[in-house]
Amino acid sequence: MKLLLVEDDDALRQQLVSALKAQNYVVEEAPNGEEALYLAREYQFDLGIFDLGLPDISGMEVIATLRDEDVQFPVLILTARGHWQDKVDGLAAGADDYLVKPFQTEELLARINALLRRASGYAKPEIIKGPISLNSLKQEVKVNGQVMDLTAYEYKVLEYLMLNPDKVVSKTELTEHLYAQDHDRDSNVLEVFVGRLRKKIDPDGTIKPIDTLRGRGYRLRADL
1 MKLLLVEDDD ALRQQLVSAL KAQNYVVEEA PNGEEALYLA REYQFDLGIF DLGLPDISGM
61 EVIATLRDED VQFPVLILTA RGHWQDKVDG LAAGADDYLV KPFQTEELLA RINALLRRAS
121 GYAKPEIIKG PISLNSLKQE VKVNGQVMDL TAYEYKVLEY LMLNPDKVVS KTELTEHLYA
181 QDHDRDSNVL EVFVGRLRKK IDPDGTIKPI DTLRGRGYRL RADL
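Heads up: the sequence shown begins at 1 in UniProt numbering, then just goes up one per residue.
#1: What's the call for Lys2, buried or exposed, on a 16-neighbour Cβ count within 10 Å?
#2: Which runs of the beta strand (DSSP E) fall wholly inside the UniProt DNA-binding region "OmpR/PhoB-type" (124-222) and span at least 3 residues, in chain order?
#3: In this structure, what does DSSP give as the bridge partners for Gly48?
#4: Quick check: Ile207 and Leu224, are their CB atoms within less than 8 Å of each other?
#5: The beta strand (DSSP E) that contains Asp68, what's its start and end?
#6: I need the DSSP call for Tyr122, collapsed to helix, strand or coil.
#7: So does the region 81-88 actually touch the region 63-70, counting three or more Cβ pairs closer than 8 Å?
#8: Could you check the C-alpha separation between Gly53 and Asp8 for me, to the nearest Å?
#9: Is it buried or exposed, Phe103, if we count other Cβ atoms within 10 angstroms and call 16 or more buried?
#10: Quick check on Val168: buried or exposed, where buried means 16 or more other Cβ atoms within 10 Å of its Cβ?
#11: State the DSSP-derived secondary structure class of Tyr38, mapped to helix, strand or coil.
#12: For Gly209, is the classification buried or exposed, using 16 other Cβ atoms within 10 angstroms of its Cβ as the cut-off for buried?
#13: With respect to the beta strand (DSSP E) encompassing Asp97, which residues constitute its N-terminal and C-terminal limits?
#14: List the endpoints of the continuous beta strand (DSSP E) containing Ala80.
#15: Considering only the alpha carbon of each residue, which of Gln23, Glu154 and Asn164 lies closest to Leu190?
#16: Going by Cα to Cα distance, which pick from Met60, Glu106 and Arg198 is closest to Ala95?
#17: Who are the near neighbours of Leu108 in its chain, counting only those whose CB is closer than 7 Å to its CB and skipping five residues on each side?
#18: Enumerate in chain order the residues of its own chain whose CB-to-CB distance from Ala30 is below 6 Å, with the five nearest sequence positions on each side excluded.
#19: Based on the DSSP secondary-structure assignment, which residues constitute the bridge partners of Ala22?
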């Protein structure tokens, strides 16, 4: 999952980037509202984390602008403002959740996980498709009850496909959600990830969970 983190406090931003990357999230950073607007308009994100007290454009204004432009990824507000009216204003501007500073990293991660699940229509952390189950909190995948040994990128590929079942996901879209914008991207590497993933979760070729649509991308079968 690819996140946009908007925070002007350099020390806190780097701390959060490290914590999020440790959970296998792809993170793009913005220290101000202008950079946040540019990134949100140019790239696909699964979720945004916005500080309100930004040095140029307020976080509230950035969120409202993106919603007016029909940018729909979930938004979690981080702010030192704890008054109930600030929370109401943030939610009214288009945010989906609110976390007051200081906060525990574990709570932030739990809220992010919940927002991502809800955005894909799942209330619980465990997503089940036929014999395949994925627990987004534990970042654990099981096939017929057996835990799979997946690399971080293999897990990311499967997670994104399982959150978008029966949707044709182009290589470009999948790559956008796997890598940061400055990463050297190679579609051949993505094909390797998908190939290894197929061999691990379906070594006998009996499930065939991931379809390849020539020239269009990949699709996780919804009828597993």
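Note that CB positions come from ideal geometry on N, CA and C, so glycine has one too.
Short version:
#1: Reading the sequence shown from its first residue, position 2 is the one you call residue 2. Lys2 comes out buried.
#2: 126-129, 132-135, 140-143, 210-213 and 217-220
#3: Start at 1 with the first residue of the sequence shown, and residue 48 comes out as number 48. Gly48 is bridged to Leu4 and Val75.
#4: Sequence index remark: in the sequence shown, residue 207 carries index 207 (1-based). Sequence index remark: in the sequence shown, residue 224 carries index 224 (1-based). Taking 8 Å as the Cβ cut-off, Ile207 and Leu224 qualify as a contacting pair.
#5: Here residue 68 refers to the residue found at position 68 of the sequence shown. Element bounds for Asp68: not the beta strand (DSSP E) but the alpha helix (DSSP H), Gly59 to Asp68.
#6: Residue numbering aside, residue 122 sits at position 122 when the sequence shown is read from its first letter. Looking at Tyr122 - three-state DSSP - the assignment turns out to be coil, as it is neither helix nor strand.
#7: no
#8: Working through the sequence shown from its first residue, we reach residue 53 at position 53. Working through the sequence shown from its first residue, we reach residue 8 at position 8. Here the alpha carbon of Gly53 sits roughly 8 Å from the alpha carbon of Asp8.
#9: Your numbering for residue 103 matches position 103 in the sequence shown. The residue is exposed, with fewer than 16 neighbouring Cβ atoms inside 10 Å.
#10: As a first step, residue 168 must be located in the sequence shown, where it is residue number 168. Looking at its Cβ environment, which holds fewer than 16 other Cβ atoms inside 10 Å, Val168 is exposed.
#11: Here residue 38 corresponds to residue number 38 of the sequence shown, with the count starting at 1. Helix, per DSSP.
#12: Residue 209 sits at position 209 when you count from the first residue of the sequence shown. For the record, residue 209 in the displayed sequence is Pro; it is not Gly. Burial call: buried.
#13: For the purposes of this step, residue 97 is taken as the residue at position 97 of the sequence shown. It spans Asp97 to Val100 - the beta strand (DSSP E) in which Asp97 sits, taken as one unbroken run.
#14: Within the sequence shown, numbered from 1, the residue matching residue 80 stands at position 80. Here Ala80 belongs to no beta strand (DSSP E), and DSSP marks it neither H nor E.
#15: Mapped onto the sequence shown, residue 190 falls at position 190. Closest option to Leu190, Cα to Cα, is Glu154.
#16: As a position in the sequence shown, residue 95 is number 95, starting the count at 1. Of the listed residues, the one whose Cα sits closest to Ala95 is Met60.
#17: The residue you call residue 108 lines up with position 108 of the sequence shown. Contacts found: Leu99.
#18: Counting from 1 along the sequence shown, the entry for residue 30 is found at position 30. Excluding residues within five positions, the ones whose Cβ falls inside 6 Å are Val6, Ala36 and Leu39.
#19: One-based indexing of the sequence shown puts residue 22 at position 22. Its beta-bridge partners do not exist; DSSP assigns none.
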